[in-house]
Amino acid sequence: MSQQVCELSRHTEELQQNIKIRLQSLEDADKSMEALEYEVKALHVALEQVQATLTSPELARQSLKEQLTQRQRLLADMESFKQQVQAVQLCQSALQVPEEVMPNLAICRTGLRLQQEASHLQHVAIQQCNILQEAVVQYEQYEQEVRDLQGLIEEAHRVIQDRPIPSSNIQELQAQILHHEELAQKIKGYQEQIASLNSKCKMLAVKAKHATMLLTVSDIEGLPEVLHDMDEEKAKKTTAQAVMV
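The opening residue of the sequence shown carries number 1 in UniProt numbering; numbering runs sequentially from there.
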């Protein structure tokens with residue numbers, strides 16, 4: 001009888017030890033899952049902010065140079081994506097769950113989609129910066145040409161206004177009239193060139209806008225639902241723990 005009691009006691013101790021080990025494993029898995037959820041949500045928030053900026057109607061209404069400056073600043077800020085992606089990857093590698101289970105976890109699939117989206121957003125921002133950079137260079141060239149033409153017009157006006165009108169010499173008067181007519185014709189030509197350049201500037205802005213709009217910013221389907229489910233699951237777990245206590 002005493003032998004049976006000892007055997008039962010030994011089995012009980014082994015069972016308690018196994019339960020403790022199992023419980024510790026579950027707690028470790030829970031902590032590692034919470035760490036991953038935190039990093040995934042942080043990356044999601046950062047991506048949403050960038051998406052909102054890239055698709056903002058206010059951004060499209062800015063000048064080409066302002067749009068370029070905004071996107072360059074945004075691209076610099078997106079360097080933090082690398083650290084956030086690395087944080088997600090580290091949490092995934094430290095996840096205390098069987099390796100074969102990880103691909104089936106919604107949080108792991110979401111983390112992977114977020115990493116892909118971060119790479120896509122950076123690619124889109126770089127392409128938009130390149131398009132706008134070329135457009136700004138061309139636009140500034142047009143503006144300089146307009147300023148040069150306006151300077152020529154002002155110079156022609158000064159020549160017309162500053163030259164005294166001869167009162168007695170008919171030939172000089174006729175020559176001056178002819179010269180003024182030539183200057184007036186030049187002024188008209190300059191004005192036509194300015195109108196053409198202004199039209200080119202407007203067309204350039206429209207083309208740049210359309211080109212950047214064609215570079216789409218994709219939404220991550222199902223992500224809000226996944227994050228919502230994670231929050232609900234955490235709330236249920238907290239409630240269950242409170243009931244047990």
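Note that the Cβ used here is the ideal one computed from N, Cα and C, for glycine as well.
Would you check if the distance between the CB atom of residue i and the CB atom of residue j is smaller than 9 Å?
i: residue 36; j: residue 111; result: yes
i: residue 153; j: residue 191; result: yes
i: residue 159; j: residue 183; result: yes
i: residue 246; j: residue 17; result: Absent from the model: residue 246. The displayed extent of the chain is 1 to 245, so no value can be given.
i: residue 75; j: residue 126; result: yes
i: residue 215; j: residue 92; result: no
i: residue 176; j: residue 163; result: yes
Pull up the distance between the alpha-carbon of residue i and that of residue j, whole angstroms please.
i: residue 143; j: residue 103; result: 56 Å
i: residue 124; j: residue 118; result: 10 Å
i: residue 120; j: residue 19; result: 46 Å
i: residue 169; j: residue 155; result: 26 Å
i: residue 49; j: residue 100; result: 34 Å
i: residue 82; j: residue 90; result: 12 Å
i: residue 196; j: residue 71; result: 29 Å
i: residue 14; j: residue 22; result: 12 Å
i: residue 38; j: residue 52; result: 21 Å
i: residue 73; j: residue 54; result: 12 Å
i: residue 85; j: residue 43; result: 7 Å
i: residue 8; j: residue 40; result: 47 Å
i: residue 11; j: residue 4; result: 10 Å
Check the C-beta distance from residue i over to residue j and give it rounded, since I have them as a contact under 8 Å.
i: residue 97; j: residue 114; result: So it is not a contact: roughly 19 Å between Cβ atoms.
i: residue 194; j: residue 150; result: 7 Å
i: residue 208; j: residue 131; result: 6 Å
i: residue 139; j: residue 68; result: Rounded, the Cβ-Cβ distance is 10 Å, inconsistent with contact.
Shortest alpha-carbon distance to residue i belongs to which of the options?
i: residue 31; options: 148, 94 and 181; result: 94
i: residue 212; options: 56, 200, 116 and 199; result: 56
i: residue 105; options: 116, 69 and 33; result: 33
Practice item. Flag this pair as touching only if the stretch 50-64 and the stretch 125-141 have three or more C-beta atom pairs under 8 Å; answer yes or no. Key: In short, these stretches touch, since the Cβ pair count reaches three.
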